[in-house]
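To keep things clear, I will list the structure first and then write my remarks on it.
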Amino acid sequence: MQKLLIPSLLGLAIFAGAANAAAPLRPPQGYFAPIEAFKTGEAKENCDTMPTPYTGPLQFRSKYEGSDKARSTLNVQSEKAFRDSTADITKLEKDTSKRVMQFMRDGRPEQLECTLNWLVSWAKADALMSKDFNHTGKSMRKWALGSMASAYVRLKFSESHPLANHPQEAQLIEAWFNKLADQVVSDWDNLPLEKTNNHSYWAAWSVMATSIATNRRDLFDWAVKEYKVGVNQVDDQGFLPNELKRQQRALSYHNYALPPLSMIASFALVNGVDLRQENNSALKRLGEKVLAGVKDPEIFEQKNGKEQDMKDLKEDMKYAWLEPFCTLYTCAPDVIERKHGMQPFKTFRLGGDLTKVYDPTHEKGNKGS
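Residue numbers (UniProt numbering): 1 to 369.
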């Protein structure tokens, strides 16, 4: 009997490993939350006119046009041109996120139908898939995918199963997300280290969100790979060399690198991949350096010789990364207190209300975006 038992146990262990490897990808627990209520009667918000699916070349002007290689001086004219030419894409991103939040709160079927109709129309048009793109264009593609896919994850995994009666729409939307994600991988894969910065992390976040929405392990693995490239750039002091080059915006861009990295680590962890210790807990080091810099910007000024522009960092929503970050690491009591003072964190590029997902006991606040 003993001789037979050993191979049987080995076989069981192999089987368990294979089963684990094949387990469907899933988001953190907060994404399984049910719809809060099912309201009837007239809704305050109607379905807006759908923005026209964007099928043209992804050739957009940069808001830093004419700036030197630090890309830190805003060009007001080119920023307006950029905002105008990308308005339909941004409306799709923002309204998808907003309506998914409203639907998860109110449960009105028309909120869901409006969102699915928009996404299906853009999917059928093969929107945002142009191979004619510049750096700003491929940046818009990955931002838009991250916004849409991460909002969609709320619908896909809610224990209320809102997509159960919409299998065809879900199939079309997910197929489009997959195509977009494949293109994002192509756009951002294997960049030289000196060109790997916050854009790559946001690309990886969009691919991670899609991998969960469509259960694609290859996309999940690519996002993890890019995460590792990112956090392995964090030096011993917690600085990102490529963001330090952004002169007066260095602190701002360090902060901007944290939302996608924190979300990727959070999504990876729940799927059995623990990235918290990568490069000696580099993500923790980066987060703590940013928080220290916000308290005392001279830390960054001493590092790169430039007085820091703090305008962006006065907005609470810029710290939405604290929600996943403080579930990955133990945040200090003063950080937790500060986080509670800024909640709820609602940001469309991360799919909506992160406080509801990560810290639901504190989500009943009055602030929003």
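Where is the CB? At the ideal position from N, CA and C, for every residue including glycine.
None of these values were measured; they are calculated from a predicted model.
Should Q171 go down as buried or exposed, given a rule of 16 or more other Cβ atoms within 10 Å for buried? exposed
List the DSSP bridge partners of T347. G352
Below 8 angstroms, can you find three or more Cβ-Cβ pairs linking the region 209-217 to the region 143-153? yes
Residue interval of the alpha helix (DSSP H) (run including G230): R217 to V231
What number of angstroms, rounded off, separates the C-alpha of E315 from the C-alpha of W321? 13 angstroms
Taking only three categories from DSSP, how would you classify residue 384? Nothing can be reported for residue 384: it is not among the residues displayed for the chain, which extend from 1 to 369.
State the CB to CB distance for the pair residue 370 and N279, rounded to an integer number of angstroms; the pair is presumed to be in contact (CB under 8 angstroms). Nothing in the structure corresponds to residue 370, since the chain is present only between 1 and 369.
What's the C-alpha gap between R216 and N117? 24 angstroms
Collapsed DSSP secondary structure at L275 in the structure displayed: coil
At the level of alpha carbons, what is the spacing between T196 and N134? 16 angstroms
Where L116 sits in the DSSP three-state scheme: helix
Is A19 buried or exposed, if buried means 16 or more other CB atoms sit within 10 Å of its CB? The predicted model places A19 with a pLDDT of 46, which falls under 50 and marks its position as unreliable; any figure quoted below should be read in that light. A19 should be labelled exposed.
L193 burial status per 10 Å Cβ neighbour count (16 or more: buried): exposed
Around the Cβ of Q29, are there at least 16 other Cβ atoms within 10 angstroms (buried) or fewer (exposed)? exposed
Can you give the Cα-Cα distance for P297 and G305, rounded to whole angstroms? 11 angstroms
What residues in its chain sit with their C-beta under 7 angstroms from that of G41, if we drop five residues either side in the sequence? none
If we count Cβ pairs, one from each stretch, closer than 8 angstroms, do we get three or more for the region 285-300 versus the region 344-353? no
Buried or exposed: which applies to K80, given that a residue is buried once 16 or more other Cβ atoms fall within 10 Å of its Cβ? exposed
With a CB to CB cut of under 7 angstroms and the five nearest residues on each side skipped, what residues in its chain are close to Q59? D132, F133, N134 and G137
I need the straight-line Cα distance from G151 to Q277, nearest angstrom please. Residue identity check: residue 151 is Ala in the sequence provided, not Gly. Going by the C-alpha atoms only, they are around 28 angstroms apart.
Under the DSSP definition of a beta bridge, which residues are partnered with F133? L58
Look at D251 and L155 and say whether their C-beta atoms are less than 8 angstroms apart. Sequence inspection shows Leu at residue 251; the Asp mentioned does not correspond to that position. Taking 8 angstroms as the Cβ cut-off, L251 and L155 do not qualify as a contacting pair.
Taking only the alpha-carbon atoms, compute the straight-line gap between D353 and Q343 and give it to the nearest angstrom. 10 angstroms
Tell whether a beta-carbon distance below 8 angstroms holds between V231 and L191. no
DSSP three-state assignment for M104, whether helix, strand or coil: helix
Who are the near neighbours of P53 in its chain, counting only those whose CB is closer than 7 angstroms to its CB and skipping five residues on each side? S121, W122, A125 and A127
Y227 versus I299: straight-line alpha-carbon distance, rounded: 25 angstroms
Which listed residue (A164, K318 and W222) has its alpha carbon closest to that of A257: K318
With 16 other Cβ atoms within 10 Å as the buried cut-off, status of A164: exposed
Cβ-Cβ separation, P27 to F157 (assumed contact under 8 angstroms), whole Å: 6 angstroms
Since residue 373 and F177 should fall inside the 8 angstroms C-beta cutoff, what is the C-beta to C-beta distance between them, to a whole number of angstroms? Summary: the structure shown does not reach residue 373, with the chain confined to residues 1 through 369, and so no result is reported for it.
Cβ neighbours of N255 in the same chain (closer than 7 angstroms, five flanking residues each side left out): V290, L313 and K318
Below-8 angstroms beta-carbon distance, E169 vs any chain B residue: Included in the structure is just one protein chain, with no chain B present.
Rounded to a whole number of angstroms, what is the C-alpha to C-alpha distance between K245 and Y253? 10 angstroms
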